[in-house]
Structures are given as C-alpha cells and as structure tokens.
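The number in this note's numbering is simply the position in the sequence shown, starting from 1, with 130 added.
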Amino acid sequence: MSYRLLIVEDTPELLEAISVFFREEGAGIWEVCTFDNGNDALVSVSEESYDLMILDIMLPGASGFDICKAARKKGDCPIIFLTALGAESEIMKGYETGCDDYVVKPFSIRHLYAKSLALLKRAKGGNGSEALSCGAITLNSHTMTVTVNGKEADIKSKEYFLLLFLLENKNATLSRERILNRVWGDNLDVNDRIVDITISRLRTELGDASKQIKTVIGRGYRITED
Numbered sequence: 131m132s133y134r135l136l137i138v139e140d141t142p143e144l145l146e147a148i149s150v151f152f153r154e155e156g157a158g159i160w161e162v163c164t165f166d167n168g169n170d171a172l173v174s175v176s177e178e179s180y181d182l183m184i185l186d187i188m189l190p191g192a193s194g195f196d197i198c199k200a201a202r203k204k205g206d207c208p209i210i211f212l213t214a215l216g217a218e219s220e221i222m223k224g225y226e227t228g229c230d231d232y233v234v235k236p237f238s239i240r241h242l243y244a245k246s247l248a249l250l251k252r253a254k255g256g257n258g259s260e261a262l263s264c265g266a267i268t269l270n271s272h273t274m275t276v277t278v279n280g281k282e283a284d285i286k287s288k289e290y291f292l293l294l295f296l297l298e299n300k301n302a303t304l305s306r307e308r309i310l311n312r313v314w315g316d317n318l319d320v321n322d323r324i325v326d327i328t329i330s331r332l333r334t335e336l337g338d339a340s341k342q343i344k345t346v347i348g349r350g351y352r353i354t355e356d
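The structure is reproduced here in structure tokens:
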C-alpha cells in the first residue's frame with residue numbers, strides 16, 4: 131500500500147532533500163508528487179487526490195494558503211505548512227486556513243517525517259482495518275500500528291517496513307538481499323549488515339514476540355507463528 135504525498139516548495143535543494151528522505155525512509159509507502167510553484171500545485175489539487183500535503187506558504191503564483199483552501203473544499207486530507215513565517219499571527223492564520231500542523235524553518239526533516247506519519251495514522255485510523263497477523267503480532271497497514279498480544283508496540287519507521295515485508299511473506303525465508311532491496315530500495319549507501327542491525331532493533335521492539343523472527347543461517351530471516 132502506498133500513500134500519495136504532495137510537496138510544494140520553491141527552493142529546489144529543499145524540495146529534493148524532503149522528497150528523497152520520504153522516499154528512502156518510507157521504503158515504498160509514499161508516492162511523492164512535487165511542485166515548485168503554487169499555480170501548478172493548485173491545478174493538481176483540484177484534479178487529483180492526496181493523502182497528505184506539505185506546503186510552503188510563500189510561493190511563486192498561488193500561495194500555500196490558496197492551495198490549502200482549495201484542498202479543504204474537497205476533503206480532510208492532512209496538511210502541514212512548512213514555512214519561514216514564524217510570527218504568531220501567521221501561525222494562527224495557518225490553522226484558521228485549515229492546516230493540521232505548522233512547521234517553521236529551519237526544521238528537522240526527521241521531525242517533519244514523524245509528524246507526517248502521525249497525521250497519516252490519525253487520518254487513516256477510521257477507514258477500516260487491513261491487518262496482517264502472525265502469532266502474537268498484528269500489523270494494521272491503515273493505521274500503521276503494530277500490536278503484540280493486543281498491546282500497541284513502539285515500532286520505528288524502518289523496522290515497521292521490515293516487519294511488513296516479513297508478514298507479507300509469512301513462513302518464507304527472505305534473503306538479506308531481498309530485504310535490502312525492498313526496505314532500502316536503491317540506496318547505495320547501505321549494505322546487508324544494516325539488515326541484521328534492523329532485525330535486532332525490531333526484535334527488541336517486539337518484546338516477547340521477538341522469538342517469532344527466526345534467523346536462517348546462511349540464508350536470511352523468516353517470521354513464524356511461534
């Protein structure tokens with residue numbers, strides 16, 4: 131499952147940095163659409179549907195406020211304003227226009243990503259359940275939550291997508307190469323050692339259910355019912 135993300139930012143380097151981070155950290159969850167001006171973004175919002183929007187306010191052409199107002203006429207897609215406008219009056223205007231969160235530059239891209247995931251979880255939480263279960267572990271891909279014996283576990287982003295891949299292939303042995311290609315994509319800065327490290331972190335986060343992830347010597351990993 132993927133979610134459509136709209137990023138509108140007129141600084142090319144920043145637009146690229148955010149896009150790359152979301153694609154790499156999300157491991158396939160985000161279908162990213164970008165614009166560097168408000169007019170093109172406004173047309174896209176009127177014609178397309180998005181699951182999340184990250185909007186600069188000061189843009190060539192239509193402003194982020196204009197884009198937000200157009201989006202609100204269509205629905206309740208989560209919207210984050212990402213802007214250098216940090217005055218209280220501007221922040222209040224942002225929320226009055228209809229944004230769900232307001233981030234002032236300079237900012238942490240990792241923090242922005244965490245906010246985006248939280249908003250997406252909240253927005254998708256009422257849309258039903260698309261769950262994958264194995265033993266004590268249940269992963270709900272709509273709410274992007276993981277429970278162990280019915281109690282929600284604190285699973286970080288990379289570990290979440292690794293667990294998702296394992297659950298999609300329950301009882302099958304997945305090589306480190308396959309995991310690396312799926313979860314990290316074409317990121318050339320990582321090797322299969324990162325798979326072992328992330329598996330270790332995932333086991334810690336799963337607590338009592340950690341034993342369900344089996345190491346298959348010389349071959350990779352698999353998840354089982356017990």
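Virtual Cβ for every residue (Gly too), placed ideally from N, Cα, C.
Between the region 133-143 and the region 163-178 there are three or more C-beta pairs closer than 8 Å, enough to call the two in contact. For residue 208, the number of other beta carbons within 10 angstroms of its own is at least 16, and it is reported as buried.
By the Cβ-count criterion, residue 246 is buried, with 16 or more other Cβ atoms from all chains shown falling within 10 Å of its own Cβ. DSSP, reduced to helix, strand and coil, places residue 336 within a helical segment of the structure shown. When the five nearest sequence neighbours on each side are left out, the beta carbons in the same chain lying within less than 7 Å of the beta carbon of residue 189 are those of 138, 140, 167, 168, in order along the chain. When only Cα atoms are considered, residue 216 and residue 176 end up about 28 Å apart. Annotated three-state conformation of residue 213 is strand, per DSSP. The shortest CA-to-CA distance from residue 336 to any of 308, 279, 314 is the one to 279.
Judged by DSSP secondary structure, residue 343 falls within the beta strand (DSSP E) whose first and last residues are 343-346.
When the beta-carbon positions are compared, residue 239 and residue 151 come within less than 8 Å of each other. Contact annotation: residue 342 and residue 285 have beta-carbon atoms that are not nearer than 8 Å.
In the three-state scheme derived from DSSP, where H, G and I count as helix and E and B as strand, residue 328 is classed as helix. The beta carbon of residue 184 is closer than 6 Å to those of 137, 210, 212 in its chain, skipping five residues each way along the sequence. Taking every protein chain shown into account, the CB of residue 270 has 16 or more other CB atoms within 10 angstroms, so this residue is buried. In this structure, DSSP gives residue 146 a helical state, which the three-state scheme calls helix.
In the DSSP assignment, residue 163 is bridged to 136. Looking at the DSSP output, residue 170 sits in no beta bridge, so it has no partner there. Taking C-beta atoms as the reference points, residue 264 and residue 229 fail to come closer than 8 Å. Nearest to residue 250 by alpha-carbon distance, out of 351, 145, 160, is 160. In terms of CA proximity to residue 300, 344 leads the group 344, 223, 348, 236. With contacts defined as CB atoms closer than 8 Å, residue 235 and residue 248 fail to qualify as a contacting pair. Check the Cα spacing between residue 241 and each of 155, 195, 314: the tightest is with 155.
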